[in-house]
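Visitor: Take a look at the following structure, please.
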Amino acid sequence: MTSHRFITAAMWAGLIALDFTACGPFMISQPLVCGPLFGWLMGQVAVGVIIGGIIQLLWMDLSPIGVGIPYDATSMTLLAVYWACLPAHSSLSQVVLALVVAVPFGFFFRWVDQLARRMNAFLMHRVDRLPDERLAPGLWAGIIGGITWSWVRYTVTYAALFGFGQIAWDRLAYSPRLTPVDQGLTMAALLLPVAGMGTTLELFLSDEPEGRWAPWRAKQAKKEEPPA
Amino acid sequence: MRLLAELQTFVRSFFLQALWNYERMQNVGFDFSIEPLLKRACRTRESLARALRRHFEYFNVHPYFAPIIMGVIFNKEKELTDSKRTDDPTMTVLKNTMGAAFGAVGDHVIWGTWRPFCAVMALSVGLLVGYPTVNGALQSSFFHVPGAILCAKWWVVGFLSMFNSIHIWLRWRGLQKAVSEGPLVVRWVESLHLQKWAAQIRRIGLLFLFSMVLIYFSHWRVSEMLIWMIAVLLGSAILRRWGLSTVIIFYLVCGVSLAMTKLGIHWP
Numbered sequence: 002m003t004s005h006r007f008i009t010a011a012m013w014a015g016l017i018a019l020d021f022t023a024c025g026p027f028m029i030s031q032p033l034v035c036g037p038l039f040g041w042l043m044g045q046v047a048v049g050v051i052i053g054g055i056i057q058l059l060w061m062d063l064s065p066i067g068v069g070i071p072y073d074a075t076s077m078t079l080l081a082v083y084w085a086c087l088p089a090h091s092s093l094s095q096v097v098l099a100l101v102v103a104v105p106f107g108f109f110f111r112w113v114d115q116l117a118r119r120m121n122a123f124l125m126h127r128v129d130r131l132p133d134e135r136l137a138p139g140l141w142a143g144i145i146g147g148i149t150w151s152w153v154r155y156t157v158t159y160a161a162l163f164g165f166g167q168i169a170w171d172r173l174a175y176s177p178r179l180t181p182v183d184q185g186l187t188m189a190a191l192l193l194p195v196a197g198m199g200t201t202l203e204l205f206l207s208d209e210p211e212g213r214w215a216p217w218r219a220k221q222a223k224k225e226e227p228p229a
Numbered sequence: 017m018r019l020l021a022e023l024q025t026f027v028r029s030f031f032l033q034a035l036w037n038y039e040r041m042q043n044v045g046f047d048f049s050i051e052p053l054l055k056r057a058c059r060t061r062e063s064l065a066r067a068l069r070r071h072f073e074y075f076n077v078h079p080y081f082a083p084i085i086m087g088v089i090f091n092k093e094k095e096l097t098d099s100k101r102t103d104d105p106t107m108t109v110l111k112n113t114m115g116a117a118f119g120a121v122g123d124h125v126i127w128g129t130w131r132p133f134c135a136v137m138a139l140s141v142g143l144l145v146g147y148p149t150v151n152g153a154l155q156s157s158f159f160h161v162p163g164a165i166l167c168a169k170w171w172v173v174g175f176l177s178m179f180n181s182i183h184i185w186l187r188w189r190g191l192q193k194a195v196s197e198g199p200l201v202v203r204w205v206e207s208l209h210l211q212k213w214a215a216q217i218r219r220i221g222l223l224f225l226f227s228m229v230l231i232y233f234s235h236w237r238v239s240e241m242l243i244w245m246i247a248v249l250l251g252s253a254i255l256r257r258w259g260l261s262t263v264i265i266f267y268l269v270c271g272v273s274l275a276m277t278k279l280g281i282h283w284p
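Which chain is which? The protein sequence lines are A and B, in order.
Note that the numbering used here has the first sequence beginning at 2, numbered continuously upward.
Note that the numbering used here has the second sequence beginning at 17, numbered continuously upward.
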């Protein structure tokens, strides 16, 4: 991919990621939407459909409740779609390989988001310190600053991961050592949607779908609690 | 004029979380969104500045219910202006109490029910339309471009229009009702019977999920493959119920697939 395409991809990814943190949320960041959309931007809608569908089914229950920032399924989708679209015609095994590599980055993006929200507190205090007569324009500046900051940090992080990932991907996806696992990964591509349907089934059978992350969130909240 | 202020607040409320922070959460977004309404409620610059400062404190709610609270606060601010008092300490308490209550409702109804329901519906329709079966077998591969485009259209347009129609209606109607009725808007929210609807929607969602499972399973006719798929379906549901992380389930399925091919189990 050319550098122009690679930077454009990062900028689009940054824009899609803004849905949940800055504007809306209109659910454009949901994997079943952002997967096909980003796949179309990368020139392979089918790859986006496969990745978006698998991730949506598996991580259907993720939601931002209280101070808890959930595992970032959007970033995982965008990274996997980008890497899987690197070859002109991806195979099912390459799509699953991209997913296998992208899954841990959901945790990384959550961590980046937590850091960013600490930075937001700094911006908020800057607005708070303004005199009364300048508070209204300060709010505008705070909101525009927050959106810009979110977009820049997402774009830079995606650009870095798209770039470094591309180097590793070129070596990994075409490595002859991976040929024996090719069939296994293809089989995983067929079984992962089924596993997703299983986890979604469990979600629909649960009486308290939003409480599934409660113990984890309580731990998170304790960690993020400002010192007394 | 009030309609214009309502419209401005409605549009601005989409940026509620732009400066979400761990200390006061949605305070900046709330203050920013409610400003056009506060301008209508306060008669002097000083009282407007006081109101903006008052609402810069901690605030958190489900984002789709925030306009309702903004409408209630507008109503209370207007009352305060009419009463000639300078402050009303009950306002912050009311804002936070309503925030906590609507937060719980929103988490259950929107995040826990409505979003998964819309997703499952869009996924099953897209799968049915984009990848049809002929004589019980998949007509084309998952990489078939026209099929994928058709499926993507159903997922993107179907899901977004279905989900957002309710979301945007709730925001706009909630704001209007709260502006005119004040704290009594709670009665309107109650009259929507959201919790009862959520229970019904979950049942219908289960139906759609089962149809999606059938649509997906109908793509393959090899009995050995279907047995494995049923095992994976039930296994992942049980593991999730036991609290196992989805990330572990994901890698477990990949591992099982690799092990199966190593053991010589191949599917056509």
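Just so you know, even glycine gets a beta-carbon here, dropped at the ideal spot from N, CA and C.
Treat the numbers as computed from the prediction; the structure is a model and nothing was measured.
For the alpha helix (DSSP H) containing A:Trp-112, name the first residue and the last one.
Guide: Per DSSP, A:Trp-112 belongs to the alpha helix (DSSP H) from 106 to 129.
Visitor: If we require 4 or more residues per run, which alpha helix (DSSP H) segments fall completely within the segment 38 to 116 of chain A?
Guide: Those alpha helix (DSSP H) runs which fall completely within the segment 38 to 116 of chain A and span 4+ residues are 46 to 59, 74 to 85, 93 to 103.
Visitor: So which residues of chain A does B:Thr-102 contact, with C-beta pairs closer than 7 Å?
Guide: Near B:Thr-102 there are no residues of chain A at all, since even the closest Cβ is about 14 Å away, more than 7 Å.
Visitor: Looking at the unbroken alpha helix (DSSP H) that takes in B:Asp-98, where does it start and where does it end?
Guide: Start and end: 82 to 99.
Visitor: Would B:Thr-113 pass as an interface residue toward chain A - the criterion being a Cβ-Cβ separation below 8 Å?
Guide: Taking Cβ atoms only, chain A never reaches closer than 8 Å to B:Thr-113, which makes this a no.
Visitor: Leaving aside the five residues before and after A:Leu-193 along the sequence, list all residues of the same chain whose C-beta is less than 6 Å from its C-beta, in chain order.
Guide: Once the five neighbours on either side are set aside, the close Cβ partners of A:Leu-193 are Ile-55.
Visitor: When you compare the CB of B:Met-107 with every CB in chain A, is at least one pair closer than 8 Å?
Guide: It does not: the Cβ of B:Met-107 has no partner Cβ on chain A nearer than 8 Å.
Visitor: If distances are taken between C-alpha atoms only, which option among A:Leu-79, A:Gly-44, A:Val-195, A:Gly-15 comes closest to A:Pro-32?
Guide: The shortest Cα separation from A:Pro-32 among A:Leu-79, A:Gly-44, A:Val-195, A:Gly-15 belongs to A:Leu-79.
Visitor: Name the one or two DSSP bridge partners that B:Met-41 has.
Guide: Answer by DSSP bridge pairing, in chain order: B:Asn-37, B:Phe-75.
Visitor: Which residues mark the beginning and the end of the alpha helix (DSSP H) in which B:Met-17 is found?
Guide: Per DSSP, B:Met-17 belongs to no alpha helix (DSSP H) and is neither H nor E.
Visitor: Would a check of beta-carbon distances place A:Leu-16 closer than 8 Å to chain B?
Guide: So no, A:Leu-16 is outside the interface.
Visitor: For B:Val-272 and B:His-71, what's the separation of their Cα atoms in angstroms?
Guide: Going from the Cα of B:Val-272 to the Cα of B:His-71 covers about 54 Å.
Visitor: Would the segment 140 to 149 of chain B count as touching the segment 96 to 112 of chain B if we require 3 or more Cβ pairs under 8 Å?
Guide: No, the segment 140 to 149 of chain B is not in contact with the segment 96 to 112 of chain B.
Visitor: Could you run through the segment 155 to 179 of chain B and flag, in chain order, every residue whose CB is less than 9 Å away from some CB of chain A?
Guide: Hits within the stretch, in order: Ser-157, Phe-158, Phe-159, His-160, Val-161, Gly-163, Ala-164, Ile-165, Cys-167, Ala-168, Lys-169, Trp-171, Val-172, Phe-175, Leu-176, Phe-179.
Visitor: Taking the CB atoms as reference points, tell me whether B:Leu-53 and B:Leu-68 lie closer together than 8 Å.
Guide: Not closer than 8 Å, so no.
Visitor: Identify whether A:Leu-27 lies in helix, strand or coil by the three-state DSSP scheme.
Guide: In the sequence as displayed, the identity of residue 27 of chain A is Phe instead of Leu. Residue state, collapsed to three classes: coil.
Visitor: Within 8 Å, do at least three Cβ pairs link the segment 40 to 53 of chain A to the segment 76 to 90 of chain A?
Guide: In short, these stretches touch, since the Cβ pair count reaches three.
Visitor: Do A:Phe-39 and A:Ile-17 count as a contact pair if the criterion is CB distance below 8 Å?
Guide: Against a cut-off of 8 Å, the Cβ pair of A:Phe-39 and A:Ile-17 comes out as a contact.
Visitor: Against chain A, does B:Leu-274 count as a neighbour if the rule is that its beta carbon must be under 8 Å from one of theirs?
Guide: At least one chain A Cβ lies under 8 Å of B:Leu-274.
Visitor: Short of 9 Å Cβ to Cβ, which residues in the segment 25 to 45 of chain B face chain A?
Guide: If the cut-off is 9 Å between Cβ atoms, the segment 25 to 45 of chain B has Arg-28, Phe-30, Phe-31, Gln-33, Ala-34, Leu-35, Trp-36, Asn-37, Tyr-38, Glu-39, Arg-40, Met-41, Asn-43, Val-44, Gly-45 near chain A.
Visitor: Are the segment 161 to 176 of chain A and the segment 126 to 144 of chain A in contact at 8 Å, needing three or more beta carbon pairs?
Guide: These segments do not touch.
Visitor: Identify each residue in the segment 225 to 241 of chain B for which the Cβ-Cβ distance to at least one residue of chain A is less than 7 Å, and report them in chain order.
Guide: Here the close residues are Leu-225, Met-228, Val-229, Tyr-232.
Visitor: Have a look at A:Met-198 and A:Ala-11 and give me their C-alpha separation to the nearest angstrom.
Guide: The straight-line gap from Cα to Cα measures roughly 31 Å.
Visitor: Here's a check: name, in chain order, each residue in its chain whose Cβ is nearer than 8 Å to the Cβ of B:Phe-276, leaving out the five neighbours to either side.
Guide: It should be pointed out that residue 276 of chain B corresponds to Met in this sequence rather than to Phe. Cβ within range, chain order: Trp-244.
Visitor: Give, in chain order, every residue of the segment 111 to 133 of chain A whose Cβ lies closer than 7 Å to some Cβ of chain B.
Guide: Per Cβ criterion, the list reads Arg-118, Arg-119, Asn-121, Ala-122, Leu-124, Met-125, Val-128, Asp-129, Asp-133.
Visitor: Hey, how far is the Cα of B:Pro-162 from the Cα of A:Gln-45?
Guide: Cα to Cα, B:Pro-162 sits roughly 11 Å from A:Gln-45.
Visitor: Cα-Cα, which of B:Cys-270, B:Gly-45, B:Leu-274 is closest to A:Ala-137?
Guide: Of B:Cys-270, B:Gly-45, B:Leu-274, the residue nearest in Cα terms is B:Gly-45.
Visitor: Which residues in the same chain have their Cβ closer than 7 Å to the Cβ of A:Arg-119, if we skip the five residues on either side of it in sequence?
Guide: Result list for A:Arg-119: empty, nothing under 7 Å.
Visitor: Under a Cβ-count criterion, where at least 16 other Cβ atoms within 10 Å of its own Cβ denotes burial, should A:Ala-229 be classed as buried or exposed?
Guide: Note that A:Ala-229 scores a pLDDT of 48, beneath 50, so its modelled location is shaky; the value from the coordinates is reported in the next line. The residue is exposed, with fewer than 16 neighbouring Cβ atoms inside 10 Å.
Visitor: If you draw a straight line from the alpha carbon of A:Ile-8 to that of A:Thr-156, how long is it in whole angstroms?
Guide: Approximately 8 Å, taken between the alpha carbons.
Visitor: So does the segment 91 to 101 of chain B actually touch the segment 170 to 179 of chain B, counting three or more Cβ pairs closer than 8 Å?
Guide: The segment 91 to 101 of chain B, when compared against the segment 170 to 179 of chain B, does not touch it at the 8 Å Cβ threshold.
Visitor: Measure the alpha-carbon distance for A:Trp-112 versus A:Asp-73 and round it to whole angstroms.
Guide: So the alpha carbons of these two residues sit roughly 9 Å apart.
Visitor: Taking 8 Å as the threshold, find out whether the segment 93 to 102 of chain A comes into contact with the segment 23 to 34 of chain B through three or more Cβ pairs.
Guide: No, they do not touch.
Visitor: May I ask you to check if the CB of A:Ile-56 is nearer than 7 Å to at least one heavy atom of the ligand ATP?
Guide: In the structure on display, the ligand ATP does not appear, and there are no ligands present to speak of.
Visitor: For A:Val-68, which residues in chain B fall below 7 Å Cβ to Cβ?
Guide: Neighbours of A:Val-68 on chain B, chain order: Tyr-38.
Visitor: What did DSSP end up calling B:His-209 once you bin it into helix, strand or coil?
Guide: Note: B:His-209 maps to coil in three-state DSSP.
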